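At the far end of the sequence shown sits residue 191, using UniProt numbering, and the numbering has no gaps. To start, the structure itself, in structure tokens.
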Amino acid sequence: MIEIPSDLHKDLVPLAFLLGNWAGAGVHDFPGSEKCNFGQEVTFTHDGRDFLEYHSHSWVLDNDGNKVRPLESEHGFWRIDPHRKVEVTMTRDDGVIEIWYGELADQKPQIDLVTDAVARTAASQPYTGGKRLYGYVKSDLMWVGEKRTPEVELRPYMSAHLKKVVTPEEVERWAKALPDDMPDDGIAFFK
């Protein structure tokens, strides 16, 4: 269910499907780095201004799904214009700062992004750009990232399947909003 907060800036309504806390797992595979499964937590929040704030933390998982060590962290800001053009500024823990541009698809919650500018610190690994695809599919957030370096052509390197994290406060709010005439057996609700 996509909920549109009453204090969400009007320009951000098309991006409301991103809002909330998300958690899940994915696969990381890029030449020169360890291939692994990873866990990820992503948060999209707003404060009434014309952008979404984005935080992502991921970590390597062992074969039993336990956290082994941090993989990468990102922090950024997402905006959208009236023509469905999306811009993202992002800072990563490895010393990379990116500006992404893209577009929200017509009639579906899907965003394609491509890097427009990349700045790197001296300590960062070689990186020249990337592409990302985010999609809201059957109430889940899915994404795939591609990247390129001076040595490696653009290719997929990470993808994840994330589920919405529901807080006890949200459950309580939803429960209070249920109609009084809900069927007792639960089955009649689906007829």
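Note that the Cβ used here is the ideal one computed from N, Cα and C, for glycine as well. Every value quoted in this text rests on a predicted model; they were computed, and no experiment measured them.
{"query": "Please report how far the alpha carbon of residue 238 lies from the alpha carbon of residue 147, in whole angstroms.", "result": "As shown, the chain starts at 1 and ends at 191. That puts residue 238 outside it, with no answer to give."}
{"query": "From the DSSP output, which residues share a beta bridge with residue 20?", "result": "44"}
{"query": "What is the rounded straight-line gap between the Cα of residue 190 and the Cα of residue 99?", "result": "Below a pLDDT of 50, predicted positions are generally treated as unreliable, and residue 190, at 45, falls in that range; the measurement from the model is reported next regardless. Roughly 45 Å separates the two Cα atoms."}
{"query": "Taking DSSP as the reference, what is the three-state secondary structure of residue 87?", "result": "strand"}
{"query": "Give me the Cα-Cα distance between residue 65 and residue 167, rounded to the nearest whole angstrom.", "result": "23 Å"}
{"query": "Could you tell me which residues DSSP pairs with residue 145 in its beta bridges?", "result": "132 and 158"}
{"query": "First and last residue of the beta strand (DSSP E) that includes residue 192?", "result": "No information on residue 192 is available, as it lies outside the stretch 1 to 191 that the chain covers here."}
{"query": "Between the Cα of residue 129 and those of 117, 122, 139 and 121, spot the shortest distance and give me the residue it belongs to.", "result": "117"}
{"query": "Quick one: what does DSSP say residue 103 is sitting in, helix, strand or coil?", "result": "strand"}
{"query": "Could you give the distance in angstroms between the alpha-carbon of residue 88 and the alpha-carbon of residue 104?", "result": "12 Å"}
{"query": "Does the distance from the C-beta atom of residue 7 to that of residue 39 stay below 9 Å?", "result": "no"}
{"query": "Using a 10 Å radius around the Cβ and a threshold of 16 neighbouring Cβ atoms, would you call residue 188 buried or exposed?", "result": "Note that residue 188 scores a pLDDT of 47, beneath 50, so its modelled location is shaky; the value from the coordinates is reported in the next line. So residue 188 ends up on the exposed side."}
{"query": "Decide if residue 46 is buried, meaning its Cβ has at least 16 other Cβ atoms within 10 Å, or exposed.", "result": "buried"}
{"query": "With DSSP as the reference, identify every bridge partner of residue 110, one or two as the case may be.", "result": "135"}
{"query": "Does DSSP put residue 8 in a helix, a strand or coil?", "result": "coil"}
{"query": "Please report the distance separating the alpha-carbon of residue 186 from that of residue 37.", "result": "Because the pLDDT at residue 186 is just 49, under 50, the model does not fix this residue reliably, and the value given afterwards should be weighed accordingly. Straight-line Cα distance between these residues: approximately 38 Å."}
{"query": "So residue 52 is in the beta strand (DSSP E); what residue range does that whole segment cover?", "result": "52-61"}
{"query": "Does the distance from the C-beta atom of residue 42 to that of residue 55 stay below 9 Å?", "result": "yes"}
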